[in-house]
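S.K.: Have a look at the structure that comes next, please.
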Amino acid sequence: MIGSIEVRSLSRSFHTTVRRPGFTGALRSLVNPERAVKHAVSDISFDVAPGELLALLGPNGAGKSTTIKMLTGILTPTSGEARVAGVVPYEDRERNARNIGAVFGQRTQLWWDLPVRESFAILRDIYEVPMAEHATRLKEFDDILELSSFWDTRVRHLSLGQRVRCDLAAALLHDPPVVFLDEPTIGMDVVVKEQVREFLRHQVEQRGRTVLLTTHDMTEVERLAERVVLVNHGRLVLDGTLDEIRRKYGSTWQVRATLADAHTEVVPPPGIALLRQEGPQVVFGPDGPDAPTVHQALKAVIERYEVTGIAIDEADLEDVMRAAYVHAGPGAKGA
Amino acid sequence: MNAVKIAWRVTRLNFRSQLEYRTEFLLMVAIGAIWQVSVIVFATVLLTRFTGMGGWDSSDVLLIPATRMLAHGLFVLVLGRMHGIGRFIQEGQIDVYLLRPMPVHRQVQLQYFPTNAIGDLTVATGLMAGALSRSHLDWNAGRVTYLIVCLIGGMLLEAALFTAVASASLRFPTADYWSRWLEELLGTFGSYPLNVLPKAVGGFLTFGLPLAFVAYFPAAVLTGHGHDTGVPYWLAAASPLIGVLAYLASRLLWRWSLNHYTGVNG
Ligand SMILES: Nc1ncnc2c1ncn2[C@@H]1O[C@H](COP(=O)(O)OP(=O)(O)OP(=O)(O)O)[C@@H](O)[C@H]1O
Ligand SMILES: [Mg+2]
Chain A
44 MIGSIEVRSL SRSFHTTVRR PGFTGALRSL VNPERAVKHA VSDISFDVAP
94 GELLALLGPN GAGKSTTIKM LTGILTPTSG EARVAGVVPY EDRERNARNI
144 GAVFGQRTQL WWDLPVRESF AILRDIYEVP MAEHATRLKE FDDILELSSF
194 WDTRVRHLSL GQRVRCDLAA ALLHDPPVVF LDEPTIGMDV VVKEQVREFL
244 RHQVEQRGRT VLLTTHDMTE VERLAERVVL VNHGRLVLDG TLDEIRRKYG
294 STWQVRATLA DAHTEVVPPP GIALLRQEGP QVVFGPDGPD APTVHQALKA
344 VIERYEVTGI AIDEADLEDV MRAAYVHAGP GAKGA
Chain B
173 MNAVKIAWRV TRLNFRSQLE YRTEFLLMVA IGAIWQVSVI VFATVLLTRF
223 TGMGGWDSSD VLLIPATRML AHGLFVLVLG RMHGIGRFIQ EGQIDVYLLR
273 PMPVHRQVQL QYFPTNAIGD LTVATGLMAG ALSRSHLDWN AGRVTYLIVC
323 LIGGMLLEAA LFTAVASASL RFPTADYWSR WLEELLGTFG SYPLNVLPKA
373 VGGFLTFGLP LAFVAYFPAA VLTGHGHDTG VPYWLAAASP LIGVLAYLAS
423 RLLWRWSLNH YTGVNG
């Protein structure tokens, strides 16, 4: 289907040789190398619908980049299947390449020695984009990313943040329905980060692109993604909305309310616990595994009681993720 | 022919960007030329002092380094970037190439403009002109055509050797050191009649590392020494074909290696 990503039981392992300590160890390894298999990605399945932005999250070494490399045709999976816009990326690499745009934050796809605009022109030729269309799109990208102040500079002279912005533009110049972004905002200052987020939102909402994003920046996840897929040690741990993740791992919200009548008898709604009560001040927290989200709790409290003031404290996403990563750590089976 | 258009555009831009670094550019051209001249001086002294090298006339024997160098210059110009690719692999540049709808091999060739090829080709052309002007052979259309075909064959053969090493580098980036050894070897033994070398060495340079097919066999066939090269005449005469076949085989190897590419982490 146009713009969709389908991943089925995708796995990739790497063969490495184990280093033995010391000099004799090194000699022994030379004669009789001890082989080890690293399961970078094991049996991962998920879907991304056309026009959806999905954040692929997980700690360092979880297998995020490896997954993206298989979906972009850089790596062939050990087993399993994937389709990107209906194409099997590792079997039909060049056709897949026309359907996707990709940015790997750490590395550039622009020609190192050429001014950025020349790189854009080469890409226009490669993807056979009509002149007028190219100009319009470039204008559109420039409006949000402010590229024109440095796009006549050679790539090697750009700052990291400037370069990645150019890379983003370069990846989208041929109007691909599917976009892969592996840590696209790495090394950007806060203003530029916000620019890039706006750009991505625009691309998803106005242009209907499907985006698969990895990042370690939780603010970004909150601003951009509704759905996330969490991986750890190569396995899928969770596929759901941010709210679901919060509910599962971040049961640390509090709703603080001031009641109009200090003598109200407080019987909290199901899934919500009364943590403290001092006169008119009451504090609620989640209760049990089926606790509502903080927003649902807020609504329930307002509906049930006459309140004159209300405030929420929410565990921020970083805390939630920390809990999730630890929870899904070694030995833990996926949820 | 979009592919040609892109290749042309990229080459033009690469060339222009090298021109902008003027000193670097001139140095590159000069180093290519000086390198070749030094090889030529050495070879010419050796070849013309000892007349009858391997039973060859000194004017005939010049055809060997001339063919080898011209083929090499063409290789550097057209297919040369395969060599020294290990660094690009380690930097993850191959990942980037795999993202574009274009054969990776072609993108490697379009990496940068081979400025040193200008020097290589200038000197090689000069040497070939010299060799031809001293030659007593009748340069009819047949001979000229055969020479040109052999130059292309020699270019492809050299490209095949470096593509094979590059394929290995995809797996083991340190394999790149082999390409330096290979370059040395081609430069050292490429310019002489191999029948002056010990049989084992000659055999190795024919069947192991098929350097003999680049210039020695073609020159032997052209100058009428084709029957005493140590291999059947038809084989020596088929040198260009060997070059084409070796190149095709190396491209298959390259493709296989790309499919088994494990990437660099990061
Ligand atoms: N080419 C390779 N050879 C051997 N092991 C590899 C290779 N590529 C990745 N790995 C291993 O696979 C695992 C997953 O790596 P990957 O790069 O996918 O992680 P990641 O989720 O992107 O991490 P990060 O957040 O740090 O970018 C790691 O343990 C890594 O060491
Ligand atoms: Mg990564």
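In order, the protein sequence lines correspond to chains A and B. Numbers 44 to 378, taken from our numbering, label the letters of the first sequence in order. Numbers 173 to 438, taken from our numbering, label the letters of the second sequence in order. The beta-carbon is built from N, C-alpha and C at its ideal position, and this holds for glycine as well.
Say whether the segment 113-122 of chain A touches the segment 247-263 of chain B, bearing in mind that this needs 3 or more beta-carbon pairs closer than 8 Å, one atom from each stretch.
M.R.: no
S.K.: Please state if the CB of residue 335 of chain A and the CB of residue 352 of chain A are separated by a distance shorter than 8 Å.
M.R.: no
S.K.: Indicate whether residue 163 of chain A and residue 216 of chain A have their beta-carbon atoms separated by less than 8 Å.
M.R.: yes
S.K.: Measure the alpha-carbon distance for residue 185 of chain B versus residue 372 of chain B and round it to whole angstroms.
M.R.: 47 Å
S.K.: Would you call the CB atoms of residue 391 of chain B and residue 362 of chain B closer than 8 Å?
M.R.: no
S.K.: Write down every uninterrupted run of the beta strand (DSSP E) in the segment 58-111 of chain A whose length is 3 residues or greater and which is fully enclosed by it, in chain order.
M.R.: List check, beta strand (DSSP E) in window: 77-91, 96-100.
S.K.: Alpha carbon to alpha carbon, what distance is there between residue 191 of chain B and residue 323 of chain B?
M.R.: 28 Å
S.K.: Using DSSP bridges, identify the partner residues of residue 223 of chain A.
M.R.: A/145, A/255
S.K.: Identify each residue in the segment 320-339 of chain A for which the Cβ-Cβ distance to at least one residue of chain B is less than 7 Å, and report them in chain order.
M.R.: none
S.K.: How about residue 117 of chain A: is its C-beta nearer than 8 Å to some C-beta of chain B?
M.R.: yes
S.K.: Tell me whether residue 202 of chain A counts as near ligand 2, meaning its Cβ is closer than 7 Å to at least one heavy atom of that ligand.
M.R.: no
S.K.: Between which residues of its own chain and residue 340 of chain A is the CB-CB distance below 6 Å, once the five residues before and five after are set aside?
M.R.: 298, 315
S.K.: Grab the span of the beta strand (DSSP E) containing residue 354 of chain A for me, first residue to last.
M.R.: 350-356
S.K.: Considering only C-alpha positions, which residue in the set B/235, B/263, B/403, B/291 is nearest to residue 199 of chain B?
M.R.: B/291
S.K.: For a cutoff of 8 Å on Cβ pairs, would you count residue 246 of chain A as touching chain B?
M.R.: no
S.K.: Could you give the C-beta distance for residue 53 of chain A and residue 84 of chain A, rounded to a whole number, given that I count them as a contact under 8 Å?
M.R.: Your pair residue 53 of chain A and residue 84 of chain A checks out as a contact, with CB atoms roughly 6 Å apart and the cut at 8 Å.
S.K.: Listed in chain order, which residues of the segment 136-147 of chain A have Cβ atoms closer than 9 Å to some Cβ of chain C?
M.R.: In summary, chain C is missing from the structure at hand, where the protein chains are A and B.
S.K.: Taking residue 150 of chain A as the reference, which of A/261, A/333, A/211, A/94 has the closest Cα?
M.R.: A/211
S.K.: Reducing DSSP to helix, strand and coil, say where residue 169 of chain A ends up.
M.R.: helix
S.K.: Where do the ends of the beta strand (DSSP E) carrying residue 270 of chain B lie?
M.R.: Unbroken run through residue 270 of chain B is the alpha helix (DSSP H), 265-270; no beta strand (DSSP E).
S.K.: Between the beta-carbon of residue 266 of chain B and the beta-carbon of residue 348 of chain B, is there less than 8 Å?
M.R.: no
S.K.: For residue 332 of chain B, which residues from the same chain have a beta carbon less than 6 Å from its beta carbon, with the 5 sequence-adjacent residues on both sides left out?
M.R.: 418, 419, 422
S.K.: Please list, in chain order, the chain B residues whose beta carbon lies closer than 7 Å to that of residue 355 of chain A.
M.R.: Ordered by position in chain B, no residue passes the 7 Å Cβ test against residue 355 of chain A, which lies about 40 Å from the chain.
S.K.: Helix, strand or coil for residue 317 of chain A? Go by DSSP, reduced to three states.
M.R.: strand
S.K.: Going along the segment 188-213 of chain B in order, which residues come within less than 7 Å of chain A, judged by CB to CB distance?
M.R.: Correct list: 189.
S.K.: Measure the alpha-carbon distance for residue 381 of chain B versus residue 375 of chain B and round it to whole angstroms.
M.R.: 9 Å
S.K.: Any heavy atom of ligand 2 within a distance shorter than 7 Å of the CB on residue 286 of chain A?
M.R.: no
S.K.: Taking 7 Å as the limit between beta carbons, can you name the residues of its chain near residue 438 of chain B, skipping five residues before and five after?
M.R.: Caution is warranted here: a pLDDT of 48 is assigned to residue 438 of chain B, below 50, making its placement in the model unreliable, and the coordinate value is therefore given only provisionally. Answer for residue 438 of chain B: 264, listed in chain order.
S.K.: Any heavy atom of ligand 2 closer than 7 Å to the CB of residue 107 of chain A?
M.R.: Because some heavy atom of ligand 2 lies under 7 Å away, the Cβ of residue 107 of chain A counts as near it: yes.
S.K.: What residues in the segment 50-82 of chain A bring their beta carbon closer than 7 Å to a beta carbon of chain B?
M.R.: Here the close residues are 57.
S.K.: Please name the residue in A/238, A/282, A/60, A/229 whose C-alpha comes closest to that of residue 260 of chain A.
M.R.: A/229
S.K.: How big is the Cα-Cα spacing for residue 243 of chain B and residue 328 of chain B?
M.R.: 8 Å
S.K.: What residues from chain B crowd round residue 112 of chain A, counting only those whose CB sits closer than 8 Å?
M.R.: Residues of chain B with a Cβ closer than 8 Å to the Cβ of residue 112 of chain A are, in chain order, 267, 435.
S.K.: For residue 225 of chain A and residue 109 of chain A, what's the separation of their Cα atoms in angstroms?
M.R.: 10 Å
S.K.: Tell me, please, whether the CB atom of residue 264 of chain B is closer than 8 Å to any CB atom in chain A?
M.R.: Yes - at least one Cβ of chain A is within 8 Å of the one on residue 264 of chain B.
S.K.: Against residue 199 of chain A, what residues of chain B qualify as contacts under a CB-to-CB distance less than 7 Å, listed in chain order?
M.R.: Those within 7 Å of residue 199 of chain A in chain B number zero; the least Cβ separation is about 10 Å.
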